[in-house]
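The structure appears right after this line, and notes come after that.
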Amino acid sequence: VLGMPNSHPNSMESTSSSYKEYCERLKYLEDKQRQLCTLSQNILTSIGHGAKMAIDECQYQFRMSRWNCSTFGNTTSVFGGVLTVKSREAAYVHAVTAAGIAYTVTRACSRGELNECSCDSRVRSRKPKGKWQWGGCSEDIHFGEKFSKDFVDSHESRETAEGLMNLHNNEAGRRSIRSRMQRVCKCHGMSGSCSVRVCWRKLPPFRQVGDALTARYEGASHVKMVDKKRRRIKKLRAVSRDLKQPNKIDLVYLEESPDYCERNETMGVLGTRGRLCNRTSMGLDGCRLLCCGRGYQTRVRDVEEKCHCRFEWCCKVKCDICRYKKEEHICN
Numbered sequence: 021v022l023g024m025p026n027s028h029p030n031s032m033e034s035t036s037s038s039y040k041e042y043c044e045r046l047k048y049l050e051d052k053q054r055q056l057c058t059l060s061q062n063i064l065t066s067i068g069h070g071a072k073m074a075i076d077e078c079q080y081q082f083r084m085s086r087w088n089c090s091t092f093g094n095t096t097s098v099f100g101g102v103l104t105v106k107s108r109e110a111a112y113v114h115a116v117t118a119a120g121i122a123y124t125v126t127r128a129c130s131r132g133e134l135n136e137c138s139c140d141s142r143v144r145s146r147k148p149k150g151k152w153q154w155g156g157c158s159e160d161i162h163f164g165e166k167f168s169k170d171f172v173d174s175h176e177s178r179e180t181a182e183g184l185m186n187l188h189n190n191e192a193g194r195r196s197i198r199s200r201m202q203r204v205c206k207c208h209g210m211s212g213s214c215s216v217r218v219c220w221r222k223l224p225p226f227r228q229v230g231d232a233l234t235a236r237y238e239g240a241s242h243v244k245m246v247d248k249k250r251r252r253i254k255k256l257r258a259v260s261r262d263l264k265q266p267n268k269i270d271l272v273y274l275e276e277s278p279d280y281c282e283r284n285e286t287m288g289v290l291g292t293r294g295r296l297c298n299r300t301s302m303g304l305d306g307c308r309l310l311c312c313g314r315g316y317q318t319r320v321r322d323v324e325e326k327c328h329c330r331f332e333w334c335c336k337v338k339c340d341i342c343r344y345k346k347e348e349h350i351c352n
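Printed below as a string of structure tokens:
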């Protein structure tokens, strides 16, 4: 999914038949993914936006960590070899990607960009608890979740430990949206009165989803695959009976993370040499942790930026240019 190109035929310019032919030619898609691609002329655009949103969120969340969610544009694997290790980082990437696609497809539905879906009409059948009523356009997270499940999960196998891990994390990513859907209300009435209060369900900001998944990443469960011979079912269980068994919203991983301190081109690990660090922080962005004990250098840089901005009638904002020296700390 993350290796998909950004350029697709413009849906306004392509006919339905030409778009379906285009989908059939996409060799990087699985058979089921290719079928889903042909459903709508705008669906690939939504998927691409979801994958991009996932990458942006990953890079924001891990910007201060040893692994900063680096991506590589000149390879078929966006994250290099990092995802070949069944680590908690791989768990996060799968979860946030599944969430990103569910999110953008849901948003496309409510905007009328896809033929197969629109607003969630099921919400209106629920009995509200309070002096308000359902109305407006509730965003159909159920359709977005189902599409994400059908598309993202299609090439995973329940017969392998890695497949079970990816399927579990994909679902955890999607559930992180559902549990944070927001109720938004608007008042209607004469002269600004609120005689009728109409409410609908709306997607949360994706940053909330990213924050929630980062918290799950930090508490991810180390698991192994167990074979229930009587039922012939393979499942994931915590590696030790002393550990809490993961639930459906936890992230899970099979292998410990690789060393992100040193550069490893085979793995696609950039290392932390040359990274900016925070000398006074005791957190992950602090020089002690980020530099992996190698120490750091301090440099002073001349900085120019706008300051003392003020509004002048009419209609300009005028600023001074302030110059100062900024101290930066760089990992050895």
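To convert a position in the sequence shown, counted from 1, into my numbering, add 20.
Virtual Cβ for every residue (Gly too), placed ideally from N, Cα, C.
DSSP assignment within the stretch 51 to 120 yields the following whole alpha helix (DSSP H) runs of 4 residues or more, N-terminal first: 51 to 57, 63 to 81. The three-state secondary structure of Val-172, taken from DSSP, is helix. Assignment of Ala-258 by DSSP, reduced to helix, strand and coil, places it in the strand class. In this structure, Asn-267 is the residue among Thr-58, Asn-267, Arg-227, Ser-138 with its C-alpha nearest to the C-alpha of Gly-239.
Spanning the alpha carbons of Leu-49 and Cys-43 requires a straight line of approximately 9 Å. Residue burial annotation: Ala-192 is buried, with at least 16 other C-beta atoms found within 10 angstroms of its C-beta. In summary, Cys-281 is buried, with 16 or more beta-carbon neighbours lying within 10 Å of its beta-carbon over all protein chains present. Taken through DSSP and simplified to helix, strand or coil, Thr-286 comes out as coil.
Note on geometry: alpha-carbon atoms of Val-113 and Cys-327 lie some 39 Å from one another. For Tyr-237, the closest alpha carbon among the candidates Asp-247, Lys-206, Phe-167, Ser-196 is that of Ser-196.
Membership of Arg-308 in the alpha helix (DSSP H) is indicated by the continuous run 307 to 310. Residue state for Ile-269 is assigned as coil, using DSSP reduced to three classes.
Note that the stretch 343 to 350 touches the stretch 289 to 309; at least 3 beta-carbon pairs, one per stretch, sit closer than 8 Å. If you look at Asp-340, you'll find it in the beta strand (DSSP E) that goes 336 to 351. Less than 8 Å divides the Cβ of Arg-194 from the Cβ of Ala-119. Approximately 34 Å separates the beta-carbon atoms of Arg-127 and Glu-179; this is outside 8 Å, ruling out the contact. When the alpha-carbon of Arg-295 is set against those of Val-243, Pro-224, Ala-122, Asn-88, the nearest one is in Asn-88. With fewer than 16 neighbouring CB atoms inside 10 Å of its own CB, Asn-135 falls in the exposed class. Ser-199 carries a coil assignment under DSSP once its states are collapsed to helix, strand and coil. Under DSSP, the beta-bridge partners assigned to Phe-331 are Val-337.
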